[in-house]
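Peer 1:
Protein chains: 2
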Amino acid sequence: MITMGDVARIAGVSASTVSHVLNGTRKVDTVTRQRVEAAIEETGYRRNVVARSLAAGRTHTVGLSISALTNPYFGSLVHAVEQALSDAGYVLIVGDSHDHVESEKRVTDSLLDRQVDGMIVAPAAGSERLTLPEITRTGTPLVLIDRGVDIGCDQVGPENFSSARALTKHLLDRGHRRIGVVRGLAGISSTTERFDGYCAALTGRGIAVEDTLVLDGESSTDVAEREVHALMSGENRPTALVSLNNAMTIGTLKAVRGLGLSIPSDVAFVCYDDFEWADLFEPRLTAAAQDVETIGTTAVELLLRRMRGDDGAPHQIRVPTTFHHRNSCGCT
Amino acid sequence: MITMGDVARIAGVSASTVSHVLNGTRKVDTVTRQRVEAAIEETGYRRNVVARSLAAGRTHTVGLSISALTNPYFGSLVHAVEQALSDAGYVLIVGDSHDHVESEKRVTDSLLDRQVDGMIVAPAAGSERLTLPEITRTGTPLVLIDRGVDIGCDQVGPENFSSARALTKHLLDRGHRRIGVVRGLAGISSTTERFDGYCAALTGRGIAVEDTLVLDGESSTDVAEREVHALMSGENRPTALVSLNNAMTIGTLKAVRGLGLSIPSDVAFVCYDDFEWADLFEPRLTAAAQDVETIGTTAVELLLRRMRGDDGAPHQIRVPTTFHHRNSCGCT
DNA sequence: CTGAAAGCGCTAACAA
DNA sequence: TTGTTAGCGCTTTCAG
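Just so you know, the sequences run in chain order D and R.
Under this note's numbering, the first residue of the first sequence is numbered -3, with each subsequent residue one higher.
Under this note's numbering, the first residue of the second sequence is numbered -3, with each subsequent residue one higher.
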């Protein structure tokens, strides 16, 4: 391996000068610089970022713990984050927590061990007692993404409550009174907030929330499919359904299709989360779409600010969703 | 920051002993070990992987350069790779090349600077003259993924030629003679091979490949949509279409829908690449599905082998696709 | 079974 | 404008 020392020797300067031309950290005479550059060119020297990180005390690296890389939603998130970071000269290390605290702990520990300069976490349920305290303890700048947690740190996520309420209201406006709901994974804020939005819409019209109409799809499309299947094949089924995240939507649609029911004539449907290819689904889904791009870039902005030393009060940012009015709700 | 020295002092041993209990690299008396473990516990010590990497000469890190993180196909690939690596004790650093060599060069340079122990690359067009040689020069183990390049190194990708041929044949078997094709990005092997498969099917039946029926969607669904729109709204349009990757499929379907045509009655359709939610599309697509999981894990296997020092002849692995016979082709 | 000591390749005072 | 030097925190011979 060619080191800075080699380059220095060939250029007839000190290692420190080579370092400075490489980093532009102090003025170097044009001639000397050219000699150094020539030597670099000649040897094909590459800086060793590991050594650099150790000496400088920062790695220019940011860790991201995400809960499900296979979910296209998170795919876009990773992309947005990666983009914003690389623009700022950082690289991204990703880990998948599979929405499981133990797994998340492994991921974040490994990230911490690698001396990441900052960390973005989409917390799993239970995160606040196992992994987040440890991150805070090390003093690593942290921003939470997607889901909130009751802890004093920067957070950015989608607007949940009023978006879910708006979806539900839309169904009410169309005359539906028995509206089923399919919730996502229990124990995370987005599930709770969206469900609260659903409840608020109902009670706002003087309709009680009926337990039998509340389904838990956990995080799995399969579970959602089973639950919806059961509900929709029973007596006295609802005339409309609202799904609270994209995985639940898939499960719901499969169940409905499996029963030979059609949307919206047999049952109206609206959902939280949009799909890139929503236009190709049949029926076209009325949905509240998250602005994943903005969520990702905002998270990075907040993080960079902290990494630069800002220690003001934590920000909690909610990115609004967009209502896509298509026809699964029964409107034409 | 608490260092190994601190732990050593508290435990009343040398740093070297602490290192050995941490890594299990030599026998340590039970009592001493316990003292060390107590000190670690007490101080909340975390190993510094950066220092460790510098001293040991390896980072336990693998780089992945991917062409489009937003494409769900690559999302699953990243997931499979991350999983396999983390099982083997490595962490993944991802970079997005946006299917552009210059961008790819930046990504891989940064990965190389960070001393990754190995690298997985989904090469962009032009990779073989700009970025791959540099990787090879540094001696970093490399495996190519998704697309092949004419260079002597490990590669793993989907089967392209005969899968595309089979799709096209299926259309021919149903009596179609004028079959349009929508190609992906020019200059990458998967595009070429799949197109060759299409041609082989036609010429195998004595049908000439007609230029006007060959569309280039580049990498963009928008371009694909425009091209298909033009073709299908012209005179003498084909009776069937084959799309050669998922982005092209989206574009094609949008164009067809936009024209008010229906599949398969107005035009039959088959595609390379499946969608996770293919069942919810209307019509349900007849497709050749890649086994992304296997591609990812195989790539990691090959890489780990190289990283362990194997320097046998390069492997070129083709993972077969699965033919999903649904009804966009016109079969019931 | 354990410790001392020499680096890994680089950065950043401090001097000159 | 440049060089010298002392680390960064760890691994790993080599002795004991």
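Glycine is no exception: its CB is placed at the ideal position from the N, C-alpha and C atoms.
In this text, all values refer to a predicted model and were calculated from it rather than measured experimentally.
#1: Comparing the C-beta of residue 70 (chain D) with each C-beta of chain R, is any distance below 9 Å?
#2: Pick out the complete beta strand (DSSP E) segments inside the segment 245 to 304 of chain R, 3 residues or longer, and give them in chain order.
#3: In three-state DSSP terms, what is residue 204 (chain R)?
#4: Is the segment 74 to 88 of chain D close to the segment 120 to 140 of chain D, with three or more CB pairs under 8 Å?
#5: Here's the rule I'm using: 16 or more other beta-carbon atoms within 10 Å means buried, otherwise exposed. How should residue 38 (chain R) be labelled?
#6: Among D:11, D:239, D:202, which has the Cα closest to the Cα of residue 267 (chain D)?
#7: In chain order, what residues of the segment 216 to 250 of chain D put their CB closer than 8 Å to some CB of chain R?
#8: Taking Cβ-Cβ distances below 8 Å as the criterion, which residues of the segment 73 to 100 of chain R are in contact with chain D?
#9: Per DSSP, what kind of secondary structure is residue 312 (chain R) in: helix, strand or coil?
#10: Can you give the beta carbon distance from residue 58 (chain R) to residue 31 (chain R), rounded, assuming they're within the 8 Å contact cut?
#11: Start and end of the alpha helix (DSSP H) containing residue 236 (chain R)?
#12: So residue 319 (chain R) packs on residue 276 (chain D), CB below 8 Å; how close in whole Å?
#13: Please go through the same chain and pick out, in chain order, the residues whose beta-carbon is closer than 8 Å to the beta-carbon of residue 84 (chain R), but skip the five residues on each side of it.
#14: Comparing C-alpha positions only, which one of D:52, D:114, D:0 sits nearest to residue 302 (chain D)?
#15: Checking contacts by CB at 9 Å: is residue 275 (chain D) closer than that to chain R?
#16: Going by DSSP, name the residue or residues bridged to residue 57 (chain R).
#17: Pairing CB atoms from the segment 135 to 142 of chain R with CB atoms from the segment 164 to 179 of chain R, are three or more of them under 8 Å?
#18: Within a Cβ cutoff of 6 Å, which residues of the same chain sit near residue 191 (chain R), ignoring the five residues on either side of it in sequence?
#19: By the 8 Å beta-carbon criterion, what residues does the segment 123 to 135 of chain D contribute toward chain R?
#20: Is the Cβ of residue 47 (chain R) closer than 9 Å to any Cβ of chain D?
#21: Would you please verify whether the beta carbon of residue 265 (chain R) is less than 9 Å from any beta carbon of chain D?
#22: State the Cα-Cα distance for the pair residue 312 (chain D) and residue 290 (chain D), rounded to the nearest angstrom.
#23: Can you give me the Cβ contacts of residue 293 (chain D) inside the same chain, cut-off strictly under 7 Å, excluding the 5 residues immediately before and after it?
#24: Find the nearest neighbour of residue 158 (chain D) within the set D:193, D:145, D:170, judged by alpha-carbon distance.
#25: Keeping to the same chain, check which residues put their C-beta closer than 8 Å to that of residue 122 (chain D); ignore five residues upstream and five downstream.
#26: Ordered along the chain, which non-local residues of its own chain (more than five positions away) have a Cβ less than 7 Å from that of residue 112 (chain R)?
#27: Answer with buried or exposed for residue 232 (chain D), where buried requires no fewer than 16 other C-beta atoms within 10 angstroms of its C-beta.
#28: Is residue 319 (chain D) close to chain R, meaning its C-beta is less than 9 Å from at least one C-beta of that chain?
#29: If you run the structure through DSSP and keep just helix, strand and coil, what is residue 151 (chain D)?
#30: May I have the straight-line CA-CA distance separating residue 230 (chain R) from residue 162 (chain R), to the nearest angstrom?
#31: Strictly below 8 Å CB to CB, what residues from chain R border residue 111 (chain D)?
#32: In or out: residue 202 (chain D) buried (at least 16 other Cβ within 10 Å) or exposed?
#33: For the alpha helix (DSSP H) containing residue 2 (chain R), list its first residue and its last residue.
#34: For residue 188 (chain R) and residue 241 (chain R), I'd like the C-alpha separation in whole angstroms.
#35: For residue 115 (chain R), report the span of its beta strand (DSSP E) as first-last.
#36: Verify whether the separation of the beta carbon atoms of residue 236 (chain R) and residue 197 (chain R) is less than 9 Å.
Peer 2: In brief:
#1: yes
#2: 264 to 268, 282 to 285
#3: coil
#4: no
#5: Per the 10 Å Cβ criterion, exposed.
#6: D:239
#7: Answer in chain order: 246, 249, 250.
#8: 74, 75, 78, 79, 82, 87, 88, 89, 90, 91, 92
#9: The answer is strand: DSSP assigns residue 312 (chain R) an E or B state.
#10: Actually they do not touch by this definition, with Cβ atoms about 36 Å apart.
#11: Segment 236 to 239 is the beta strand (DSSP E) holding residue 236 (chain R); no alpha helix (DSSP H) there.
#12: Going by Cβ atoms, the distance from residue 319 (chain R) to residue 276 (chain D) rounds to 21 Å, so no, they are not a contact pair.
#13: 296, 300
#14: Of the candidates D:52, D:114, D:0, the one whose C-alpha sits nearest the C-alpha of residue 302 (chain D) is D:114.
#15: yes
#16: R:87
#17: no
#18: 179
#19: Flagged, chain order: 133, 134.
#20: yes
#21: no
#22: So the alpha carbons of these two residues sit roughly 14 Å apart.
#23: 76, 80
#24: D:193
#25: 97, 183
#26: Beyond the five residues adjoining it in sequence on each side, residue 112 (chain R) comes within less than 7 Å, by CB distance, of 55, 57, 58, 59, 89, 136 in the same chain, given in chain order.
#27: That one is exposed.
#28: no
#29: strand
#30: 27 Å
#31: 44, 45, 46
#32: Exposed, because fewer than 16 other Cβ atoms sit within 10 Å of the Cβ of residue 202 (chain D).
#33: Where residue 2 (chain R) is concerned, the enclosing alpha helix (DSSP H) stretches over 0 to 7.
#34: 12 Å
#35: 114 to 117
#36: Their beta carbons are not under 9 Å apart, which means residue 236 (chain R) does not touch residue 197 (chain R) by this criterion.
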